[in-house]
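*Asks:*
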Amino acid sequence: MAIKLTERAAEEVIRFRTEHNFDDSMLLRIGVAGGGCSGFNYTLNFDDNYDEKADSKYEHHGVSVIVDKKSALYLDGTEVDWYDSLEKQGFTFNNPNAVKSCGCGSSFQA
C-alpha cells in the first residue's frame with residue numbers, strides 16, 4: 001500500500017504552496033519522528049531534497065508526496081485528510097498501524 005492524500009488535503013497543500021510562492025520542486029514530505037505523548041509524532045513539511053534510494057514518492061490529486069523509507073514502515077496505509085470546523089482545522093491522520101493515539105491527533109503509538 002502507501003500513504004494517501006485526500007482531495008481536500010491536496011487542495012490545502014496546493015493553496016499553501018501557492019500562498020507561499022513555492023515552486024514545483026518543493027515536495028510535501030510526510031514522516032514520523034520520535035516524541036509526543038504517544039511515542040511518535042507525524043511530521044509535515046516541504047522539501048526539495050528527494051532521494052530515490054532513501055525516499056518513496058507518491059502522486060495524489062496533483063501533489064507529489066515523499067516519505068522516507070523508515071517512516072514508511074509506520075505510515076503504510078495512512079490517509080491524510082484536511083479537517084476544517086469552527087473549533088479546529090488542520091491535517092488529520094488515519095493510520096491503520098497506530099495502536100494508540102493521543103487526543104490531539106498528532107502523535108501515535110505503533
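Residues in the sequence shown are numbered from 1 upward in steps of one, following full-length UniProt numbering.
Heads up, the beta-carbon is just placed ideally off N, CA and C, and yes, glycines get one too.
With a Cβ-Cβ cutoff of 7 Å, do histidine 61 and alanine 10 count as a contact?
*Replies:* Their beta carbons are under 7 Å apart, which means histidine 61 touches alanine 10 by this criterion.
*Asks:* To test your reading of the DSSP string, which unbroken alpha helix (DSSP H) runs of 4 or more residues are found completely within the UniProt domain "Core" (1-105)?
*Replies:* Within the UniProt domain "Core" (1-105), the complete alpha helix (DSSP H) segments of 4 residues or longer fall at 7-19, 69-75, listed in chain order.
*Asks:* Is the region 41-51 touching the region 13-33, taking contact as three or more C-beta pairs under 8 Å?
*Replies:* yes
*Asks:* Please identify the residue among Ser64, Asn49, Glu12 whose C-alpha is closest to the C-alpha of glutamine 89.
*Replies:* Glu12
*Asks:* Give me the Cβ distance between aspartate 81 and aspartate 68, rounded to the nearest whole Å; I'm assuming they're in contact under 8 Å.
*Replies:* Not a contact, Cβ separation roughly 21 Å.
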